[in-house]
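Read top to bottom, the protein sequences are chains A, B and C. One point on numbering: in my numbering, the residue at position 215 of the first sequence is 253, and numbering is uninterrupted. One point on numbering: in my numbering, the residue at position 215 of the second sequence is 253, and numbering is uninterrupted. One point on numbering: in my numbering, the residue at position 256 of the third sequence is 294, and numbering is uninterrupted.
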Amino acid sequence: MVADKSVTIKSDIGSPLIDHATRLIERLRVRSPKVHCITNTVAQPITANALLAAGAIPSLTTSEDEIGAFARSANGLLVNLGTLDAERRRAIDVALEVARETKIPWLLDPVFVERSALRLDYARKLLARGPKAVRLNGAEFTALAGEKPSPAAVRAFAKSSGTIVALTSKADLVSDGERVATVSNGDALMSKVTAMGCAGSAFATAALAIDADAFAAMTAALTLFGVAGELAAAVSNGPGTFAVAIIDALHAMTPDVVRQHARVADAWTR
Amino acid sequence: MVADKSVTIKSDIGSPLIDHATRLIERLRVRSPKVHCITNTVAQPITANALLAAGAIPSLTTSEDEIGAFARSANGLLVNLGTLDAERRRAIDVALEVARETKIPWLLDPVFVERSALRLDYARKLLARGPKAVRLNGAEFTALAGEKPSPAAVRAFAKSSGTIVALTSKADLVSDGERVATVSNGDALMSKVTAMGCAGSAFATAALAIDADAFAAMTAALTLFGVAGELAAAVSNGPGTFAVAIIDALHAMTPDVVRQHARVADAWTR
Amino acid sequence: MVADKSVTIKSDIGSPLIDHATRLIERLRVRSPKVHCITNTVAQPITANALLAAGAIPSLTTSEDEIGAFARSANGLLVNLGTLDAERRRAIDVALEVARETKIPWLLDPVFVERSALRLDYARKLLARGPKAVRLNGAEFTALAGEKPSPAAVRAFAKSSGTIVALTSKADLVSDGERVATVSNGDALMSKVTAMGCAGSAFATAALAIDADAFAAMTAALTLFGVAGELAAAVSNGPGTFAVAIIDALHAMTPDVVRQHARVADAWTR
Chain A
39 MVADKSVTIK SDIGSPLIDH ATRLIERLRV RSPKVHCITN TVAQPITANA LLAAGAIPSL
99 TTSEDEIGAF ARSANGLLVN LGTLDAERRR AIDVALEVAR ETKIPWLLDP VFVERSALRL
159 DYARKLLARG PKAVRLNGAE FTALAGEKPS PAAVRAFAKS SGTIVALTSK ADLVSDGERV
219 ATVSNGDALM SKVTAMGCAG SAFATAALAI DADAFAAMTA ALTLFGVAGE LAAAVSNGPG
279 TFAVAIIDAL HAMTPDVVRQ HARVADAWTR
Chain B
39 MVADKSVTIK SDIGSPLIDH ATRLIERLRV RSPKVHCITN TVAQPITANA LLAAGAIPSL
99 TTSEDEIGAF ARSANGLLVN LGTLDAERRR AIDVALEVAR ETKIPWLLDP VFVERSALRL
159 DYARKLLARG PKAVRLNGAE FTALAGEKPS PAAVRAFAKS SGTIVALTSK ADLVSDGERV
219 ATVSNGDALM SKVTAMGCAG SAFATAALAI DADAFAAMTA ALTLFGVAGE LAAAVSNGPG
279 TFAVAIIDAL HAMTPDVVRQ HARVADAWTR
Chain C
39 MVADKSVTIK SDIGSPLIDH ATRLIERLRV RSPKVHCITN TVAQPITANA LLAAGAIPSL
99 TTSEDEIGAF ARSANGLLVN LGTLDAERRR AIDVALEVAR ETKIPWLLDP VFVERSALRL
159 DYARKLLARG PKAVRLNGAE FTALAGEKPS PAAVRAFAKS SGTIVALTSK ADLVSDGERV
219 ATVSNGDALM SKVTAMGCAG SAFATAALAI DADAFAAMTA ALTLFGVAGE LAAAVSNGPG
279 TFAVAIIDAL HAMTPDVVRQ HARVADAWTR
């Protein structure tokens, strides 16, 4: 998300990233990836609707008895720590073991780790189990990385964690430990709707499921989701209509619209 | 749901079924049936809102300690297997025992049985406990019935199960083991909104709760819900606005609108 | 909520209460209270969205392992008994102990106590643990207080319970055991949307969190929420669009709009 929408920055690194973003929506519709989401009960409806609108197939069970079967037939796995409970912890264990076997990518969304020491400790353990990517906000980053977010800090944390780190803020930062991309799409209303970040993480998991280049996939997902947010804001009267309109915008998205609105740049060398 | 909306088929068997569909909305508003829904956490908000919009009174607790009391004062019971967990299985046991005692109808919605062998086995056991009706989609039917859906297969499965079977697809099929009705209402956007089928099952449970003719009640419910979907699609920009508009459409539904839009036919003899 | 919207009653006691209502929205935006909500899974999305739209910060975990940490950093606590289960009961115990230590206000919403003897008994025990306020509807009041709602009954129940009692109905009644205020704002559509009362209770908890005068805070919260409902109804086509529009209305609310629409009076001396 960005304050000044009139500034468009496209660096040399930006172009291939924008290509990934541009092609993402059509690839999702052709591939229809199955995304299993272990996510909080608050986020479940908007998460499933965002995935369906974009062409993916969500499933959301958290029962330890069944999650193995669901994970085994999935193409990507989301592990979101909101409303974490004993059942969800057991489900995460089973699902991660399946993901390790089937080699599907999984994404960690460490919701509210700054509010609970137990959850922070648990998130650190999950980080050590090799997620393909982590998606988090500034407060969560600070709690996990031990320093305030910045392009350098995000790159360092990605390098030390051995994973893609995607920090969503006014401008999103994505790093694989070497490169750092900045995504300046989005709208301030996104932070006024509950679980919008969680839905974005699920959407990014769908992108990971169909793109072997995880850095490009995460950047593309944040770009497209941000563009959908901008289109939704343009037809909204507040966060209520916005939450509805962003689902419509994902459903109506086209490569041309993404190409026209995408603002992706190499933040590190800027 | 139907591909070609210009074709209207009304057979001899269709007319009394359409009468049930036409009268359903006013009967729901007069009777205000209490419908207890054991359903998945994803579906709970839209399920409760669909029932309220149509004049029914939803309750949704899944605690084994309390569900007996809720089921005892209910007029109908929905058993939906989404996000199935140990608590829900215990709740289902208690609620079905109450339903057996109080002789209220219950409907089985075997969500995603094709994704989990454990859930498929559990659904088979529930089927043996005598639901008044089963509502499911094509993949779920294939998993449970062991063959692809067709009018003959739906009729055979209804006969062998001793229950009403309602298969929702482009055209819905409803059978009591002898008759087979086809409902050609609905819109493709219904499959792009999470838990729309679950909400339809809850709505059908409300119809079962006030109509002793379960075959006509299920056909009427699918017809009215499909008509609401068509009206919603006409004012929607995508699945986000559609999910909102179908609640408005249920709330504004009148017998005349149902009569005007209903497309119900005897598929078997066609 | 009120039948005849043309009647505006403003007594001597009304004016300071309206001042609280008028100032509430700006105070919420400045203070951004953290409100931890132990609430039912049906209500979670609309509850979180109502709080965010009004400027508060919701959290919703119900895990006994984590809720202590969340409650400790919260400014107010909601205890809503919908979809009550063993996990929620344990979470409530932990959270109330923290609330007692940190002296944050908590609000009890005894959802559906008229449907379950066990839940009624549990609600009585919670009432004895000193909530700052109770928010409930007529059926819940009758079950808990043992008599039909009336200004005198609400006052007597508030006095005997030692808490603020806020009864929502066509006209809302709020009492601290001495005074009784009547809030005549709202719209009939509010009762056609699931968890609207639950969301209102969460909103009232946010008001309690920033206003030491709990009687005025509860009256202000019901007034402002009712005004939002009236504004939403004016732009809605039914309960679907209404549920979306009330979130927009909370987000767009201004002191002037509240002052213009508020209908608060001293019902007892009327």
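Note that the Cβ used here is the ideal one computed from N, Cα and C, for glycine as well.
Distance between I248 of chain A and A112 of chain A, taken at the CA atoms: about 12 Å. P96 of chain B carries a strand assignment under DSSP once its states are collapsed to helix, strand and coil. Note that the C-beta distance between C236 of chain A and N87 of chain A is not below 8 Å.
Neighbours of A107 of chain A in chain B, taken as residues at a C-beta separation under 9 Å, are given in chain order as R153, S154, A155, L156 and R157.
Restricting attention to B:A271, B:A270, B:L288 and B:R301, the CA atom closest to the CA of A94 of chain B is found in B:L288. Membership of T140 of chain C in the alpha helix (DSSP H) is indicated by the continuous run A124 to T140. Taking a beta-carbon distance threshold of 8 Å, D123 of chain C counts as an interface residue toward chain B.
The stretch 209 to 253 of chain C is shown to contain whole alpha helix (DSSP H) runs of 4 or more residues at 234 to 248, in chain order. L115 of chain B and A124 of chain B do not touch by the CB rule: their CB atoms are close to 19 Å apart, not below 8 Å.
Taking 8 Å as the cut-off, the Cβ atoms of R193 of chain C and V218 of chain C count as close.
Each residue's CA atom was taken as its position, placing V265 of chain A and R153 of chain C some 47 Å apart. Contact between the stretch 130 to 147 of chain C and the stretch 273 to 281 of chain C is absent: fewer than three C-beta pairs spanning the two stretches fall below 8 Å. Residues of the same chain with a CB within less than 7 Å of the CB of T232 of chain B, apart from the 5 flanking positions on each side, are V80 in chain order.
Considering only beta carbons, the part of the stretch 138 to 153 of chain C lying closer than 7 Å to chain B consists of F150 and R153, in chain order. Counting the other CB atoms within 10 Å of its CB gives Q298 of chain A a total below 16, which places it among the exposed residues. Close to A91 of chain C, with beta-carbon spacing below 8 Å, are these residues of chain A in chain order: K230, G276, P277 and G278.
Inside the stretch 248 to 302 of chain A, DSSP marks whole alpha helix (DSSP H) runs of 4 or more residues at positions 252 to 272, 277 to 290 and 293 to 299, from first to last along the chain. A Cβ-Cβ separation of about 5 Å places M291 of chain B in contact with I63 of chain B under the 8 Å criterion.
Secondary structure note for K163 of chain A: its alpha helix (DSSP H) is the uninterrupted segment A155 to L165. For R67 of chain B and A191 of chain A, the gap between their C-alpha atoms comes out near 60 Å.
Per DSSP, the continuous beta strand (DSSP E) segment holding A204 of chain B begins and ends at I202 to L205. The beta-carbon separation of A181 of chain B and V151 of chain B, rounded to 5 Å, stays under the 8 Å limit for a contact. What V80 of chain C touches in chain B, judged by beta-carbon distance under 7 Å, is Q82, P83, A86 and L98, going in chain order.
Around E178 of chain A, the same chain offers P148, V149, F150, V151 and E152 as residues with beta carbons nearer than 8 Å, after the five sequence neighbours per side are excluded. Contact with chain C is absent for V203 of chain A, since none of that chain's Cβ atoms lies less than 8 Å from the residue's Cβ. With its beta carbon at least 8 Å from every one in chain C, E268 of chain B lies outside the interface. Scanning chain A for C-beta atoms nearer than 9 Å to the C-beta of V136 of chain C yields nothing, as the closest lies near 13 Å away. In the DSSP annotation of this structure, L174 of chain A is not part of any alpha helix (DSSP H); the continuous beta strand (DSSP E) holding it starts and ends at A171 to L174.
Taking 8 Å as the CB threshold, V282 of chain C lines the interface with chain B.
Ranking A:V302, A:A244 and A:F263 by CA distance to the CA of S70 of chain A puts A:A244 first.
Non-local C-beta neighbours of R127 of chain A in its own chain, meaning closer than 8 Å and more than five positions away in sequence, comprise Y160, ordered along the chain. Put simply, the backbone Cα of L262 of chain A is about 10 Å away from that of G238 of chain A. Residues of chain B whose Cβ lies closer than 7 Å to the Cβ of S199 of chain A do not exist; the shortest such Cβ separation is about 31 Å. By the CB criterion at 8 Å, E104 of chain C and L122 of chain A fall inside the cutoff.
DSSP places G120 of chain A in no beta strand (DSSP E); its state is neither H nor E. When the Cα atoms are used, V302 of chain B and E185 of chain B turn out to be separated by approximately 24 Å.
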